[in-house]
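Q: First the structure, which I've put down as structure tokens, then a few questions once you've had a look.
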Amino acid sequence: MSNATTAETRVPARRAIPPAGWLLPAGGLFFLAGGLFHPNEDRPELGMAQQMRVMYEDSAWYPAHTLMAVGAVLLAAALVALVRSRVLARDDHAHKAAVAAAVTAVISAPVALLHLLAATEADRIARGDSHPLTDVVLVADTVTVPLFGFAIAALAILGAARRTLGSPVAAAFGVVGGVGYALASGTAVFTSALDPLFPTALGVAVWAVVTGAGLVTRRHAAGATAG
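First residue of the sequence shown: 1, per UniProt numbering; consecutive thereafter.
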């Protein structure tokens with residue numbers, strides 16, 4: 001076989017990187033950046049709506065939630081792409097966890113966009129008027145975030161345990177981030193006791209970045225071996 005022919009056969013192998021390999025890190029980085037910018041207002045003496053108003057009025061709210069919304073959309077696309085790919089074809093349990101994560105991510109993504117619109121109700125909350133968008137966001141977060149967080153934790157555990165997705169280190173971030181995010185969001189409207197867990201959500205972003213990078217490097221290694 002000539003050198004030219006060999007080079008031609010290597011190109012497809014090295015380029016056969018699943019879309020999730022690029023989308024997971026991209027989504028994770030956007031979500032991570034948004035989380036780092038997110039206003040951190042702990043005012044337990046205020047009602048939930050008033051606490052939201054304080055954060056709405058923070059200049060960091062819009063840039064933070066714009067980044068997080070982009071990250072949420074990219075993560076949803078990444079998980080859908082992961083389900084549609086053959087990465088988990090031989091691991092039925094991890095594949096089912098990926099389906100659950102993809103479904104909950106797709107449901108959660110529009111809620112992330114609603115956070116931007118809900119901030120327009122800051123003046124209404126200050127006046128004591130109704131705030132329907134904020135109410136919708138709070139209820140939606142209470143339901144969708146726990147589902148998403150626990151699904152990510154399950155996917156991280158199963159993927160790492162069966163060596164089909166991610167690594168033990170990435171899984172640790174995914175579990176801590178997913179479970180912490182789920183518990184904080186699922187209880188926020190009832191109690192502020194678990195609010196300190198909100199920053200653990202960044203663990204989901206780290207899991208996505210590390211896991212996506214692993215898909216890329218694994219495929220490059222497979223391409224080099226095939227060559």
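We put the beta carbon where it would ideally sit given N, CA and C, even for glycine. As the structure is a computational prediction, the values presented were derived from the model and not from experiment.
#1: Can you tell me whether DSSP reads F30 as helix, strand or coil?
#2: Tell me where the alpha helix (DSSP H) around F173 begins and ends.
#3: Please state the DSSP three-state secondary structure of H95.
#4: Applying the criterion that 16 or more other CB atoms from any shown protein chain within 10 Å of the CB defines a buried residue, is G104 buried or exposed?
#5: From G177, P19, G21, E45, pick the residue whose C-alpha is nearest to that of A193; which is it?
#6: Mind the definition here: the stretch 65 to 85 touches the stretch 131 to 147 only if three or more C-beta pairs lie below 8 Å; say whether that holds.
#7: Considering only the alpha carbon of each residue, which of T120, L138, G214 lies closest to A171?
#8: Assign Q51 to buried or exposed, taking buried as 16 or more other Cβ atoms, counted over all protein chains shown, within 10 Å of its Cβ.
#9: In terms of alpha-carbon separation, which member of W22, P18, M48 lies closest to V139?
#10: Compare the C-alpha of H93 against each of V210, V209, R162, G21 and name the closest.
#11: Distance, Cα to Cα, H115 vs Y181?
#12: Answer yes or no: do T211 and L67 have a C-beta to C-beta separation smaller than 7 Å?
#13: Can you give the Cα-Cα distance for A156 and I17, rounded to whole angstroms?
#14: Over the uninterrupted alpha helix (DSSP H) stretch that includes I157, give me the two end residues.
#15: In this structure, how does DSSP classify P196 when only helix, strand and coil are distinguished?
#16: Counting only the same chain and skipping the five closest in sequence on each side, list residues whose C-beta sits under 7 Å from that of R43.
#17: For A89, does the count of other Cβ atoms within 10 angstroms reach 16, so buried, or fall short, so exposed?
#18: Quick one: residues in its chain with C-beta nearer than 6 Å to the C-beta of F198, no 5 flanking neighbours on either side, listed in chain order?
#19: Quick one: grab the DSSP three-state call for F37.
#20: Less than 8 Å between the CB atoms is what I'm expecting for G177 and L202, so what's the real figure, rounded?
A: Here's the rundown:
#1: It is helical.
#2: 168 to 187
#3: helix
#4: Going by the sequence as given, residue 104 is Thr instead of Gly. Buried.
#5: E45
#6: no
#7: G214
#8: Looking at its Cβ environment, which holds 16 or more other Cβ atoms inside 10 Å, Q51 is buried.
#9: Of the listed residues, the one whose Cα sits closest to V139 is M48.
#10: R162
#11: 16 Å
#12: Cβ atoms of T211 and L67: not closer than 7 Å.
#13: 20 Å
#14: 132 to 161
#15: It is helical.
#16: Excluding residues within five positions, the ones whose Cβ falls inside 7 Å are Q51, V54.
#17: exposed
#18: The beta carbon of F198 sits closer than 6 Å to those of A184, all from its chain and outside the five residues before and after it, given in chain order.
#19: helix
#20: 6 Å
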